[in-house]
Amino acid sequence: MVAPVKKICCIGAGYVGGPTCAVIALKCPQIEVTIVDLNKARIDAWNSPDYQLPIYEPGLLEVVRQARGRNLFFSTDVDAAIEAADLIFVSVNTPTKKSGVGAGYAADLAYVESATRRIADVATRSKIVVEKSTVPCRTAESMRTILEANSKPNCRFDILSNPEFLAEGTAIDDLFAPDRVLIGSLQTPEGVAACEALASVYANWVPRERILTVGLWSSELSKLAANAMLAQRISSINSLSALCENTGANVEELAHAMGRDTRIGPKFLRASVGFGGSCFQKDILNLVYISESVHLPEVAAYWRQVVEMNEYQKHRFAKTVVDTLFNTITNKTIAVLGFAFKADTGDTRESPAIALVRSFLLESAKVTIYDPKVPHEQIWLDLSETLPDWPIEKIQKSVTIAPSALEAAKKSEAIVIATEWKEFREIDWKVIYDTMKKPAFVFDGRLILDAPKLREIGFRVKQIGRPEVL
Ligand code: NAD
């Protein structure tokens, strides 16, 4: 008989820890959930009286409104939450290492290690510790070593892997009705009991047949593998989009025809300017690093190609813009619509829009940017990071952040759709056309626009994966 979990602590109040544990609190009113973070500004935002939450995610506000103060709490008091909890999620960031061994590929596990050490230092009774962060295979072993070497007498730690498969933009729907919940544990009686304790939490709303229990190392590797497979599909369709543009085929017709094959399926076959987000590239590079570490260079090369194709697609799209605008964009104004890495999120991590704006600025263009959800400070920060040699004054001379798509487009030579926000389909393109320099160009990097209608208005339109119709 496994003791039910009564108190949960989640270390890391980010895009994963916040929504995931808010949903657990909502669905399990009998469990007290405390989400902690070292970042005070982030916790203050989660606690803000007018619900100015630190991240935008459809449906999240409602979840937090219902559970916050009832059995959901946000705090910077990491130690108190660790000490009180029966079960602790470690949901901290695991970015790609910037320097040292494995720089550019390996996951930086400094945050995981520091959270683990904190747990060991603070806990005075036994805990279940759950890896929620995406980590390299066998990270649980390192965590166990750290915990056991530092634990107090009568204090045992059972470590589980429970990777998160939510996608930003649909996080709440994904958490309410997950395709699967994956829990990895050691196949010991204690490991299996800990696994059952966590499974019982999810079983409050997830059907049992969707809760998969596997070995620890399979669980850790499954997350990296799932992201690699998803990104691979995008790179595959994007490579075909290049072929389409050069042969007269249409990538949407291609995707439709391929997707009807039940062995292939229709999802994740949408051609675009490239994938972004904090996970796909980072997790594939991590897989490449692991493959090289275990002396499998051919496996590493295979997965590295998925990232290289993504870089190529962004570069190819930027080049199309320059080539089409008569081989020069010097001093021309390009309106970039969308800056988030995908629709329905304010997250810009690895957003293709950053790479596009960078390319345009290096070609001496002027750029106007509009995104409905990304804070302006974030845009300036991203541009400063992508152009480290440019002082911010220089960037601000060439870039304007506009309050609407219409304002961004005014007097521009070209519009680039970088994010598939629904509002870009619905704006009055005739009004936009009238404010632009002529000939007016639209480059649809997300295949969301009605090209024939835009051509009727007078635009020249180029779309990913479709030959241009003049
Ligand atoms: P994030 O950067 O938004 O949040 C991580 C938070 O952890 C930060 O607020 C940071 O301040 C906090 N933190 C770091 N060290 C800490 C410590 N020692 N004590 C307390 N707080 C600490 O990251 P995220 O997007 O939520 O991702 C978290 C993990 O989940 C990563 O491993 C990521 O790969 C994985 N993941 C992310 C997504 C996604 O869509 N973002 C999806 C699935 C899995």
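Okay, so the sequence shown: first residue is 79 according to our numbering, each after it adds one.
Beta carbons: idealized from backbone N, C-alpha and C, even for Gly.
All of these numbers come straight from a predicted model, not from anything done at the bench.
Q: Within 10 angstroms of the Cβ of G326, are there 16 or more other Cβ atoms? Answer buried if so, exposed if not.
A: By the neighbour-count rule (16 or more Cβ atoms within 10 Å), G326 is not buried but exposed.
**Q.** Close-in-space but distant-in-sequence residues of the same chain around Y93 (CB under 7 Å, 5 per side omitted)
**A.** Counting only Cβ-Cβ distances below 7 Å, and skipping sequence neighbours, we find I133, E246, D425.
Q. Tell me, which residues are paired with D236 by DSSP?
A. In the DSSP output, where bridge partners are listed per residue, D236 has I206.
Q. Alpha carbon to alpha carbon, what distance is there between F537 and T212?
A. Going by C-alpha positions, T212 is about 44 Å away from F537.
Q) By a C-beta neighbour count over all protein chains shown, 10 Å radius and 16 as the cutoff for buried, is K301 buried or exposed? A) The residue in question, K301, is buried, as its Cβ has 16 or more Cβ neighbours within 10 Å.
Q | Closer than 7 Å: L131 CB and nearest ligand 1 heavy atom | A | Using a cutoff of 7 Å, the CB of L131 does not count as near ligand 1, since none of the ligand's heavy atoms is closer than that.
Q: Would you mind working out which of F438, A218, K360 sits nearest E493, comparing C-alpha positions?
A: Here the sequence assigns Ile to residue 493, which means Glu is not the residue at that position. Residue F438 is the option with its Cα nearest to I493.
(Q) Taking 7 Å as the cut-off, is the beta-carbon of A91 closer than that to any non-hydrogen atom of ligand 1? (A) A91: yes, Cβ under 7 Å from ligand 1.
Q. Which class does S490 belong to by DSSP, given the choice of helix, strand or coil?
A. DSSP places S490 outside both helix and strand once states are collapsed to three, so it counts as coil.
Q. Less than 7 Å between the CB of C88 and some heavy atom of ligand 1, yes or no?
A. The closest heavy atom of ligand 1 lies 7 Å or more from the beta carbon of C88.
Q. Any heavy atom of ligand 1 closer than 7 Å to the CB of C357?
A. For C357, the distance from the CB to the nearest heavy atom of ligand 1 is below 7 Å.
Q: Give a yes or no on contact between the stretch 228 to 246 and the stretch 92 to 106, applying the rule of three or more CB pairs nearer than 8 Å.
A: Cβ pair count under 8 Å is three or more, so yes.
(Q) Nearest by alpha-carbon distance to A184: which of I447, I250, C357 is it? (A) The residue with the shortest Cα to Cα distance from A184 is C357.
Q | Straight-line gap, A275 to E498 (C-alpha atoms, nearest Å) | A | Going by the C-alpha atoms only, they are around 40 Å apart.
Q) Can you list, in chain order, the residues of its chain whose CB lies under 8 Å from that of V279, leaving out five sequence neighbours each side? A) Taken in chain order, the residues that qualify are V83, I86, I102, C106, I109, L165.
**Q.** Contacting residues, own chain, Cβ-Cβ under 7 Å from D361 (five flanking each side not counted)
**A.** If you ignore the 5 residues before and after D361, its C-beta comes within less than 7 Å of the C-beta of T212, L302, N305, A306, all in its own chain and listed in chain order.
Q: Tell me whether S313 sits in a helix, a strand or coil according to DSSP, three-state version.
A: S313 falls in the helix class under three-state DSSP.
Q) What did DSSP end up calling Q359 once you bin it into helix, strand or coil? A) DSSP places Q359 in helix when its eight states are reduced to three.
Q) If you scan the stretch 445 to 488 from start to end, which runs of the beta strand (DSSP E) of 3 or more residues do you find wholly inside it? A) If only uninterrupted beta strand (DSSP E) runs of at least 3 residues are considered, those enclosed by the stretch 445 to 488 are 477 to 479.
Q. If we count the other Cβ atoms within 10 Å of its Cβ and call it buried at 16 or more, is L374 buried or exposed?
A. With fewer than 16 other Cβ atoms inside 10 Å of its own Cβ, L374 counts as exposed.
Q | Reference K472, options L440, A480, F167, I495, closest by Cα | A | Out of L440, A480, F167, I495, L440 has the C-alpha closest to the C-alpha of K472.
(Q) Tell me the residue span of the alpha helix (DSSP H) that contains G269. (A) G269 -> alpha helix (DSSP H) spans 267 to 280.
Q.
Is the separation between the beta-carbon of I542 and that of F395 shorter than 8 Å?
A. Yes; because the gap between Cβ atoms is below 8 Å, this pair is in contact.
Q) Looking at Y189 and ligand 1, is the gap between the Cβ and the nearest heavy atom below 7 Å? A) Checking the 7 Å criterion, the Cβ of Y189 is within range of a heavy atom belonging to ligand 1.
Q) Is it right to say L532 is buried, meaning 16 or more other beta carbons lie within 10 angstroms of its own, or is it exposed? A) Per the 10 Å Cβ criterion, buried.
Q. For G99, which beta-bridge partners are listed by DSSP?
A. For the record, residue 99 in the displayed sequence is Cys; it is not Gly. C99 is not bridged by DSSP to any residue.
(Q) Closest to L139 by C-alpha separation, out of D128, K175, C233, would be which residue? (A) Looking at the Cα atoms, D128 is the closest of the given residues.
**Q.** Inter-stretch contact at 8 Å, needing at least 3 Cβ pairs: the stretch 292 to 300 / the stretch 330 to 344
**A.** No: fewer than three Cβ pairs fall under 8 Å.
(Q) When you measure from the CB of L276 to every non-hydrogen atom of ligand 1, does any distance come out below 7 Å? (A) Checking every heavy atom of ligand 1 against the Cβ of L276, none is found closer than 7 Å.
(Q) Rounding to the nearest angstrom, what Cα-Cα distance links F167 and L238 in this structure? (A) Near 9 Å, if we compare the C-alpha coordinates of L238 and F167.
Q: Work out the CA separation of L225 and E161 for me, nearest whole Å.
A: Spanning the two alpha carbons is a distance of roughly 14 Å.
Q.
How far does the alpha helix (DSSP H) with I510 in it extend, from its first residue to its last?
A. Annotation: the continuous alpha helix (DSSP H) that includes I510 extends over 507 to 513.
Q | Check: D115 C-beta below 7 Å from any heavy atom of ligand 1 | A | Yes, the beta carbon of D115 sits closer than 7 Å to at least one heavy atom of ligand 1.
(Q) Please report the straight-line C-alpha distance between Y189 and V414, rounded to a whole angstrom. (A) Cα-Cα distance, rounded: 35 Å.
Q) V170: beta carbon under 7 Å from a heavy atom of ligand 1? A) True, at least one ligand heavy atom lies under 7 Å from that Cβ.
Q. Who are the near neighbours of A201 in its chain, counting only those whose CB is closer than 8 Å to its CB and skipping five residues on each side?
A. Only I160, E161, S229, K230, C233, F235 meet the Cβ criterion.
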